[in-house]
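Residues 18 to 328 in full-length UniProt numbering are what the sequence shown spells out, letter by letter. We put the CB at the ideal spot given by N, CA and C, even for glycine. Remember, it's a predicted structure, so these values are computed and weren't measured experimentally. Taking it in order: structure first as structure tokens, then the write-up.
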Amino acid sequence: EMDPTERAFQERIDAGGKIEPKDWMPAGYRKNLIRQIGQHAHSEIIGQLPEGNWITRAPTLERKAILLAKVQDEAGHGLYLYCAAETLGITRDEMFEALNEGRMKYSSIFNYPTLTWADMGAVGWLVDGAAIMNQVPLQRTSYGPYARAMVRICKEESFHQRQGFDIMMKMCAGSEAQKRMAQDALNRFWYPSLMMFGPSDAESVHSAQSMAWKIKMNTNDELRQKFVDQTVPQAEYLGLTVPDETIKWNDEKGGYDFAEPDWTEFYDVLAGNGPCNHDRLETRKQAWDDGAWVREGMLAHAAKKRTAKVA
Ligand code: 3HC
């Protein structure tokens, strides 16, 4: 049974009201938001690694500039989201420590390697496509700072997806070898992209409560279905084959029937056994250690300035 404060809070959310940092909120709401926003931020930062791998290998100067701009955008998205999470009372250092110690997650998709240039196309087209599918509804989430961060992030995401789809178009209209490379990238990124929407609704831990609090606006399966319905025609346009021969339009449902990802693989990657989990976390820890001297210098300088004022 809800106490009057909690009931008033829930009524405000049900009426589409925004909760701001200084407002009262149930401890569970705060905890759930720190979890989701913090992991969203980690995903943006770690998501830079698979693409960063190709900045020095881009086929043209134009492609290098576009990829550089996209990776820089992801860094900015991470910063907006860490700031949103900090308004809930957690520090950035605490979030980094939790990530490095495996107590916080990041999107499993980034534990797969980017082996060819076509992967830059598949990541933009599929991974950013899935991210857009998930982030657009989050612009209406109940927590003010998160909703506002989403508005800014969604503005940049459409460029991310279009530049990826453009790479795929160029390669599918290119030589046989380029087309094979694009098909190979689709084969490797299709199911991991479906996993970005989370486990099936039956397996989802947080969905019911997150939807009641408008921390989540749609269920995992709903958004996964929307993503498949949007992406299959795009693959056909490219002349590529989605690596799921069971895919079939279902008139009744008004959508495609499709094969679910391998959930054993999903939970295995979440447990840290994906192809790149170790490398991604090692890179993050190395960046943390390499940046220690900057943090120490800034703190020492701030302390000196404080004492100077007192003196
Ligand atoms: N990778 C890693 N962990 C995942 C996951 C995935 N693809 N899908 C689900 N999980 C985790 C959840 O975090 C949860 O674990 P936790 O309790 O330790 O946090 C567990 O699996 C059970 O899943 P639930 O469905 O119960 O979890 P959620 O209700 O949180 O739903 C979500 C998962 C849909 C990812 C939701 O958290 C969400 O919408 N997050 C915000 C968006 C986001 O983080 N997107 C990640 C990609 S961002 C990105 O790709 C950047 C782009 O610019 C490239």
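Residue i, DSSP secondary structure in three states
i	result
Gly272	strand
Tyr160	strand
Ile36	strand
Lys265	strand
Thr22	helix
Thr324	helix
Lys122	coil
Thr77	coil
Cys293	coil
Gly308	coil
Asp279	coil
Trp142	helix
Tyr129	coil
Val259	coil
Gly106	coil
Beta-carbon separation (whole angstroms), residue i vs residue j, contact threshold 8 Å
i	j	result
Phe182	Trp134	Actually they do not touch by this definition, with Cβ atoms about 14 Å apart.
Tyr273	Trp280	Tyr273 to Trp280, Cβ: 19 Å. No contact.
Asn117	Arg301	6 Å
Met150	Leu240	5 Å
Val286	Ile264	Actually they are not in contact, since the Cβ atoms of Val286 and Ile264 sit about 23 Å apart, beyond 8 Å.
Thr104	Pro67	About 29 Å separates the two Cβ atoms, so there is no contact after all.
**Asked** Would the region 47-60 and the region 219-235 be scored as touching if the rule is three or more Cβ pairs under 8 Å?
**Response** Contact between the region 47-60 and the region 219-235 is present, because at least three Cβ pairs lie under 8 Å.
**Message:** Three or more C-beta pairs under 8 Å: does that hold for the region 233-245 against the region 204-212?
**Reply:** Output reads yes: the region 204-212 touches the region 233-245.
**Item:** Given 8 Å, three or more beta-carbon pairs between the region 124-132 and the region 80-95
**Value:** Contact between the region 124-132 and the region 80-95 is absent, because fewer than three Cβ pairs lie under 8 Å.
**Request:** Could you name each continuous beta strand (DSSP E) segment of 3 residues or more that falls completely within the region 164-249, going from the start of the chain to the end?
**Result:** Scanning the region 164-249 for uninterrupted beta strand (DSSP E) segments of 3 residues or longer gives nothing; none is fully contained.
**Request:** Pick out the complete alpha helix (DSSP H) segments inside the region 29-73, 4 residues or longer, and give them in chain order.
**Result:** The qualifying runs are 44-63, 65-69.
**Request:** Report yes or no: do the region 18-28 and the region 69-83 share at least 3 C-beta pairs separated by less than 8 Å?
**Result:** Proximity of the region 18-28 to the region 69-83 falls short of the contact definition, fewer than three beta-carbon pairs being nearer than 8 Å.
**Message:** Taking contact to mean 3 or more Cβ pairs, one atom from each stretch, closer than 8 Å, check whether the region 188-200 and the region 108-128 are in contact.
**Reply:** Fewer than three pairs of CB atoms, one per stretch, sit closer than 8 Å, so the region 188-200 makes no contact with the region 108-128.
**Item:** Stretch pair the region 61-68 + the region 21-36: three plus CB contacts closer than 8 Å
**Value:** No contact exists between the region 61-68 and the region 21-36.
**Message:** Would the region 165-176 count as touching the region 102-111 if we require 3 or more Cβ pairs under 8 Å?
**Reply:** As far as the Cβ criterion goes, the region 165-176 does not touch the region 102-111, which means the pair count is below three.
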